[in-house]
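Asks: Residues are numbered in our numbering as their position in the sequence shown, beginning at 1, plus a constant of 4.
Note that CB positions come from ideal geometry on N, CA and C, so glycine has one too.
Structure below; questions to follow.
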Amino acid sequence: MAMVGLFWITEDAVYVGAEPTGTASGVRLSADGVDVLGPEEDSGSWGWAEVLRIEAGDVAVRPAVRRWVSRAVDAVTVAVTGDGDLPPAFTVRVATADGVSEVGVLAAVAGGIYGPVEYELSRTLLNRLVDGRADLGDLLAWRRERADDSTPGREERESLLLKWTGDRDPS
5 MAMVGLFWIT EDAVYVGAEP TGTASGVRLS ADGVDVLGPE EDSGSWGWAE VLRIEAGDVA
65 VRPAVRRWVS RAVDAVTVAV TGDGDLPPAF TVRVATADGV SEVGVLAAVA GGIYGPVEYE
125 LSRTLLNRLV DGRADLGDLL AWRRERADDS TPGREERESL LLKWTGDRDP S
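In structure tokens, the structure reads:
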């Protein structure tokens, strides 16, 4: 897997947020459509033609300096107390003609805090995947061609998101 923006990209699927394990909830995007994974009352599967909108809300977004300060405080807290927390969660809403399915997912980024540019580009990409102006196959092809599982640096992630959305300028 590799993380780019709000997306956790494997060779077979793209997750909004971290790939869920065990009983954790998640949202999986595949060539066939969108799967909301989790408790039965919140789960569901839809083809791309059925999905009207995918939104990510409650996402922790901060500029780089504030992210580093937050990470430093977290590191000191863990060192002093020995308590480590799960990454922060955010909410993903999948809207169809039948209603909205809402699920909490864990952040995929280290520290759980996203940069503003990466967040906005991720939201744009979600919109374009839904309306057909972006192709999920591009994300999967990138992951399959990548030699390792590491997450690229911020500049490369933003460049990839720009490429996948069809934009040139991250502002």
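Please name the residue in Val65, Arg148, Thr100 and Gly103 whose C-alpha comes closest to that of Pro92.
Replies: Of the candidates Val65, Arg148, Thr100 and Gly103, the one whose C-alpha sits nearest the C-alpha of Pro92 is Val65.
Asks: Classify Gly141 as buried or exposed, calling it buried when 16 or more other Cβ atoms lie within 10 Å of its own Cβ.
Replies: It is exposed - the Cβ of Gly141 has fewer than 16 other Cβ atoms within 10 Å.
Asks: I'd like to know whether the C-beta of Arg158 is nearer than 7 Å to at least one C-beta of chain D.
Replies: The structure shown contains no chain D; it is built from a single protein chain.
Asks: Apart from the five residues just before and just after Leu165, which ones in its own chain have a Cβ nearer than 7 Å to its Cβ?
Replies: For Leu165, where only same-chain residues beyond five positions count, the Cβ hits under 7 Å are Val8, Gly9, Glu122, Leu125, Ser126 and Leu129.
Asks: Please list, in chain order, all residues of the same chain as Asp171 whose beta carbon is under 8 Å from its beta carbon, the five residues on each side excluded.
Replies: Answer for Asp171: Leu125 and Thr128, listed in chain order.
Asks: Under the rule that 16 or more other beta-carbon atoms within 10 Å means buried, what is Thr169, buried or exposed?
Replies: Classification of Thr169: buried, given that the 10 Å Cβ count is 16 or more.
Asks: Can you tell me the Cα-Cα spacing of Leu133 and Asp36, whole angstroms?
Replies: Answer to the nearest angstrom: the Cα atoms are 12 Å apart.
Asks: Going by the DSSP bridge assignment, what does Ser34 pair with across the sheet?
Replies: Looking at the DSSP assignment, Ser34 forms a beta bridge with Gly37.
Asks: At the level of alpha carbons, what is the spacing between Ser34 and Leu56?
Replies: Their backbone Cα atoms lie some 16 Å apart in a straight line.
Asks: Helix or strand or just coil, what does DSSP make of Val113?
Replies: Looking at Val113 - three-state DSSP - the assignment turns out to be coil, as it is neither helix nor strand.
Asks: Just the C-alpha distance for Tyr19 and Gly48, rounded to the nearest angstrom, thanks.
Replies: If you take the alpha carbons of Tyr19 and Gly48, they lie about 15 Å apart.
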